[in-house]
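Working notes for the structure below.
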Amino acid sequence: MAASTFPAGDEESGSIFLPGYRNYLVFCDDSGLHGSTHYAFGSFWIPAERRGDFPALVKALRDKHHMHDEFKWQKINARNERFYLDLVEMFFRRPWMMFHSLIVEKSYVDKEAHGGDYDLARRKHFALLPKKKIEMLCSGGARKLYHLRVDPLPSRYAKADEAAEKIINASLKNDIGHPAVRTLYTRDSKTTTGIQVADVLLGAVMDDWAGGSTAAPKQSVKKAIAGHLGWSDLKADTTPFEWKFNIWTFWDPTKGEERPVKTRPVRLRYPMRLVEVRRARS
2 MAASTFPAGD
12 EESGSIFLPG
22 YRNYLVFCDD
32 SGLHGSTHYA
42 FGSFWIPAER
52 RGDFPALVKA
62 LRDKHHMHDE
72 FKWQKINARN
82 ERFYLDLVEM
92 FFRRPWMMFH
102 SLIVEKSYVD
112 KEAHGGDYDL
122 ARRKHFALLP
132 KKKIEMLCSG
142 GARKLYHLRV
152 DPLPSRYAKA
162 DEAAEKIINA
172 SLKNDIGHPA
182 VRTLYTRDSK
192 TTTGIQVADV
202 LLGAVMDDWA
212 GGSTAAPKQS
222 VKKAIAGHLG
232 WSDLKADTTP
242 FEWKFNIWTF
252 WDPTKGEERP
262 VKTRPVRLRY
272 PMRLVEVRRA
282 RS
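Here it is as structure tokens:
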């Protein structure tokens, strides 16, 4: 997410353009929490009204490619590459599917601001991603509701999911007037297709950000995703209101350094249909 909060001209018009659905299912995954230079959280969003359409689409792809095991970024290889390319195509062709991520370079994390605890910092960053996205989706005063399904959070705190829900809702109640997260449940990615999609998309982004595989099938999938964005690779971030595929970079401007990446405009191959709403004023 770029440093500015709203698109150019929005400060004058008070309008923003957002997806028009009211209630969402949000599937969350994480990456890079063990030994990487970055850690990240990814979220795959579908309208609750589409909760029957989504698994049917994935089942059709599974049947076509005889792919009935868990799918994830680390499992991409030459035998199943075509399945993943079709999965990417399915995602970008459906204007009701969205992916939002938050990438954190560990060197930017001030542990002292989190009690000297990386575990607490990660939990706060995880909560920040859905909180900020929900806050903006609810702009204009819409009382939307959200149902989060989260891969088990890698934390020594046994009730990390419950804590995250409380943090998110307390902040949302203060900022938008109501606790918009109706449910937050931990789910096993092996049996939750939405988390698997989040894993694939987040894995592709992290592969370019933190250095990763040179294997041709994974390079092919990354190239396909980047091509749908009008990009040559995935090592960039997007503007805040890029709703189809959003990469938000955690960055501390107080360090007096230039931002480590440049914000790129997205030119979707299949544009997303949005509606104009009046932005809520504080």
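With the sequence shown counted from 1, adding 1 to any position gets you our numbering.
Virtual Cβ for every residue (Gly too), placed ideally from N, Cα, C.
**Item:** Residue ranges of each beta strand (DSSP E) within the segment 159-245, 3 or longer
**Value:** With a minimum length of 3 residues, the continuous beta strand (DSSP E) runs that stay inside the segment 159-245 are 182-187.
**Item:** Sub-8 angstroms separation of A161 and F45 beta-carbons
**Value:** Position 160 of the sequence shown, counted from the first residue, corresponds to residue 161. Position 44 of the sequence shown, counted from the first residue, corresponds to residue 45. No, Cβ-Cβ distance for A161 and F45 is not below 8 angstroms.
**Message:** In the DSSP output, what is T264 paired with across the bridge?
**Reply:** Here residue 264 is taken as the residue at index 263 of the sequence shown, counted from 1. Partner residues in the beta bridge of T264, as assigned by DSSP, are D238.
**Prompt:** What is the DSSP secondary structure of W97, counted as helix, strand or coil?
**Reply:** Along the sequence shown, one-based indexing puts residue 97 at 96. Coil.
**Request:** Taking the CB atoms as reference points, tell me whether K236 and W210 lie closer together than 8 angstroms.
**Result:** As a first step, residue 236 must be located in the sequence shown, where it is residue number 235. As a first step, residue 210 must be located in the sequence shown, where it is residue number 209. Judged by their CB atoms, K236 and W210 are nearer to each other than the 8 angstroms cut-off.
**Beta-carbon proximity check, A225 vs S233, cutoff 8 angstroms** = Position 224 of the sequence shown, counting from 1, holds the residue named residue 225. Position 232 of the sequence shown, counting from 1, holds the residue named residue 233. No, the pair does not count as a contact, with Cβ atoms beyond the cut-off.
**Asked** Do three or more CB pairs link the segment 70-85 to the segment 176-183 at distances below 8 angstroms?
**Response** They do not touch, by the three-pair rule.
**Exposed unless 16 or more other CB atoms sit within 10 angstroms - verdict on H67** = Residue 67 sits at position 66 when you count from the first residue of the sequence shown. Looking at its Cβ environment, which holds fewer than 16 other Cβ atoms inside 10 Å, H67 is exposed.
**Request:** Assign Y40 to buried or exposed, taking buried as 16 or more other Cβ atoms, counted over all protein chains shown, within 10 Å of its Cβ.
**Result:** As a working mapping, residue 40 is identified with position 39 in the sequence shown. That one is buried.
**Whole-angstrom distance between L26 and N170, CA atom to CA atom** = Numbered from its first residue, the sequence shown carries residue 170 at position 169. Numbered from its first residue, the sequence shown carries residue 26 at position 25. Taking the straight line from one Cα to the other gives about 16 angstroms.
**Message:** Rounding to the nearest angstrom, what Cα-Cα distance links R183 and A57 in this structure?
**Reply:** Here residue 183 refers to the residue found at position 182 of the sequence shown. Here residue 57 refers to the residue found at position 56 of the sequence shown. Taking the straight line from one Cα to the other gives about 25 angstroms.
**Prompt:** What is the DSSP secondary structure of R150, counted as helix, strand or coil?
**Reply:** In the sequence shown, residue 150 corresponds to position 149, counting from 1. Looking at R150 - three-state DSSP - the assignment turns out to be strand.
**Request:** Check whether the segment 97-106 touches the segment 238-250, counting contact only when three or more Cβ pairs, one atom from each stretch, lie closer than 8 angstroms.
**Result:** Yes: at least three Cβ pairs fall under 8 angstroms.
**Request:** Tell me where the beta strand (DSSP E) around A41 begins and ends.
**Result:** Your numbering for residue 41 matches position 40 in the sequence shown. A41: member of the beta strand (DSSP E) spanning 39-48, first to last residue.
**Asked** How would you label Q75, buried or exposed, when you count the other beta carbons within 10 angstroms and need 16 or more for buried?
**Response** For the purposes of this step, residue 75 is taken as the residue at position 74 of the sequence shown. With fewer than 16 other Cβ atoms inside 10 Å of its own Cβ, Q75 counts as exposed.
**Message:** Need the endpoints of the alpha helix (DSSP H) that F55 sits in, please.
**Reply:** Counting from 1 along the sequence shown, the entry for residue 55 is found at position 54. Unbroken alpha helix (DSSP H) run through F55: 54-66.
**Message:** Per DSSP, what are the beta-bridge partners of F103 in this structure?
**Reply:** Along the sequence shown, read from residue 1 onward, the residue named residue 103 stands at position 102. A small correction: the amino acid at residue 103 is Leu; Phe does not occupy that position in the sequence shown. Answer by DSSP bridge pairing, in chain order: F42, W249.
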